[in-house]
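So the sequence shown is numbered by this note's numbering: it starts at 1 and just counts up by one.
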Amino acid sequence: MKIFVDTAKLSEIREAISWGIVDGITTNPSLIREAMEEERKRGNNTDLSSYLSEICRIAGRERPVSLEVISQDAERMVEEALFLYRKFNPIANNVVIKIPINTYTEEKKIDHEGLVAINQLEKRGIPTNVTLIMKPEQALLAAKAGATYVSPFVGRIDDHIRKKLGIKFNKGDYFDFELIQEIFKLRLEKHLEMATEERISDLYDEERTKELRCAGNDDGIVSGVECVKKIVNIFKKYNLRTKVIAASIRNSRQMRELAETGCDICTAPFSVIREMLRHPKTEEGVKKFHLDAIQAGYDALFK
Ligand code: G3P
1 MKIFVDTAKL SEIREAISWG IVDGITTNPS LIREAMEEER KRGNNTDLSS YLSEICRIAG
61 RERPVSLEVI SQDAERMVEE ALFLYRKFNP IANNVVIKIP INTYTEEKKI DHEGLVAINQ
121 LEKRGIPTNV TLIMKPEQAL LAAKAGATYV SPFVGRIDDH IRKKLGIKFN KGDYFDFELI
181 QEIFKLRLEK HLEMATEERI SDLYDEERTK ELRCAGNDDG IVSGVECVKK IVNIFKKYNL
241 RTKVIAASIR NSRQMRELAE TGCDICTAPF SVIREMLRHP KTEEGVKKFH LDAIQAGYDA
301 LFK
């Protein structure tokens with residue numbers, strides 16, 4: 001599995017690369033805004049063009065850098081993609097264009113512009129990373145349209161389910177979806193047990209049954225990790241070449257579960273990559289080995 005770092009902060013990109021574990025960079029307009037505001041506070045008033053050039057340069061030739069378009073209609077998205085690609089790809093031949101799967105909004109009720117843009121860019125040989133994927137069906141359509149990568153938003157899918165359930169959480173909290181499934185399974189079993197005398201069709205249509213079957217998931221998807229697992233399986237079944245980048249990752253345990261799905265890439269904030277390294281027993285062990293080392297002996301050995 002490849003690891004991308006999901007940040008636009010130059011210091012984080014440099015540091016993660018120096019650790020030898022980063023295979024690519026993903027950015028989005030929110031991350032770029034945050035990073036550039038931080039730079040400005042430090043007195044660095046660089047413009048967007050120089051800033052993006054620097055990201056591409058630091059990433060270097062082997063690491064793809066996702067840069068996102070900002071428009072919502074296909075024609076403009078393709079224009080922006082061509083601009084970004086022509087301007088920044090010559091730096092290190094590593095630019096990938098991020099396109100939202102669906103740009104439907106209350107004001108503009110058109111849902112297919114992302115697909116059209118992906119397809120037009122594919123025909124021009126420009127790699128795309130299709131973003132804001134929240135269900136496998138969207139990933140399948142993106143792959144059919146010619147996406148190079150799809151990015152399911154693991155954390156935001158969890159947020160959506162937790163919100164439906166009224167669970168309070170902080171952004172980095174692990175979502176114990178298996179426990180939630182157990183709870184709803186038990187509740188459904190109990191309900192069905194109590195209703196055995198009813199006809200199946202009545203039971204199936206009955207409000208409570210429907211409520212229990214639909215709670216704790218998003219149209220059958222029980223978590224962000226499960227969404228990734230399903231996308232990986234579908235792509236494997238049909239030999240689709242599109243690669244899966246699990247995105248919107250919030251904690252180290254999610255990274256482990258995502259690695260188990262067989263997804264091609266995980267893109268994580270630098271803080272999550274750092275969290276992957278840490279364990280209290282490792283810290284304790286390091287301290288103990290250090291104390292136990294016979295100083296004089298090692299001093300003589302390493303001299
Ligand atoms: O790669 C997408 C990511 O930046 C979104 O993350 O944590 O804002 O859902 P998050």
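Think of the CB as a built atom: it goes at the ideal place given N, C-alpha and C, for glycine as much as any other residue.
- In this structure the region 140-149 does not touch the region 205-219; the number of beta carbon pairs closer than 8 angstroms is below three.
- Of the heavy atoms belonging to the ligand G3P, none sits nearer than 7 angstroms to the Cβ of GLY114.
- THR27 sits in coil when the DSSP states are folded into three classes, being neither helix nor strand.
- Burial of LEU121 is indicated by the presence of at least 16 other C-beta atoms within 10 angstroms of its C-beta.
- When DSSP assignments are scanned along the region 241-265, the uninterrupted stretches of alpha helix (DSSP H) that are 4 or more residues long and fall wholly within it turn out to be 252-261.
- Annotation for ILE249: ASP6, VAL154, GLY155, MET255, LEU258, CYS266, THR267, ALA268, PRO269, VAL272 place their beta carbon closer than 8 angstroms to its own, counting only its chain and skipping 5 residues before and after.
- When the Cα atoms are used, ARG162 and PHE289 turn out to be separated by approximately 43 angstroms.
- Under DSSP, ASN129 takes part in a beta bridge, and its partners are LYS98, TYR149.
- CA-to-CA, the gap between ALA92 and ASN102 works out to about 29 angstroms.
- For GLU68, no alpha helix (DSSP H) segment is defined; the enclosing uninterrupted segment is the beta strand (DSSP E) at 65-68.
- Between the C-alpha atoms of SER50 and MET36 there is a straight-line separation of about 11 angstroms.
- The closest CA to that of PRO100, considering only PRO90, ASN119, ASP159, is found on ASN119.
- Ranking ILE110, THR131, LYS135, LYS123 by CA distance to the CA of ILE231 puts LYS135 first.
- In the DSSP secondary-structure assignment, ASP218 is bridged to ILE221.
- Judged by their CB atoms, PHE4 and GLY20 are not nearer to each other than the 8 angstroms cut-off.
- Inclusion of PHE88 and LEU48 in the CB contact set at 8 angstroms is not warranted, their separation being larger than that value.
- Between the C-alpha atoms of VAL69 and ILE97 there is a straight-line separation of about 7 angstroms.
- In terms of side-chain proximity, the C-beta atom of ALA247 is found nearer than 7 angstroms to a non-hydrogen atom of the ligand G3P.
- Taking the Cβ atoms as the reference, GLU15 lies roughly 37 angstroms from ALA74, outside the contact range of under 8 angstroms.
- Within 10 angstroms of the beta-carbon of VAL95 lie 16 or more other beta-carbons, which makes it buried.
- Looking at GLU193, LEU165, ALA247, GLU54, the one whose alpha-carbon comes closest to that of VAL222 is LEU165.
- The C-beta of ILE294 has fewer than 16 other C-beta atoms within 10 Å across all chains shown, which makes the residue exposed.
- Distance from the CA atom of ALA139 to the CA atom of ILE245, rounded to whole angstroms, is 11 angstroms.
- In the three-state scheme derived from DSSP, where H, G and I count as helix and E and B as strand, LYS135 is classed as coil.
- CA-CA distance, SER18 to ALA59, rounds to 11 angstroms.
- For ALA247, the closest C-alpha among the options ASP158, ARG42, LYS123 is that of ASP158.
- In the DSSP assignment, VAL272 falls outside any beta strand (DSSP E) and lies within the alpha helix (DSSP H) extending over 270-277.
- Under the DSSP assignment, LYS288 falls outside any beta strand (DSSP E), being part of the alpha helix (DSSP H) whose first and last residues are 280-292.
- When secondary structure is reduced to three states using DSSP, ASP173 falls in the coil class, being assigned neither helix nor strand.
- Where ILE157 is concerned, the enclosing alpha helix (DSSP H) starts and stops at 154-165.
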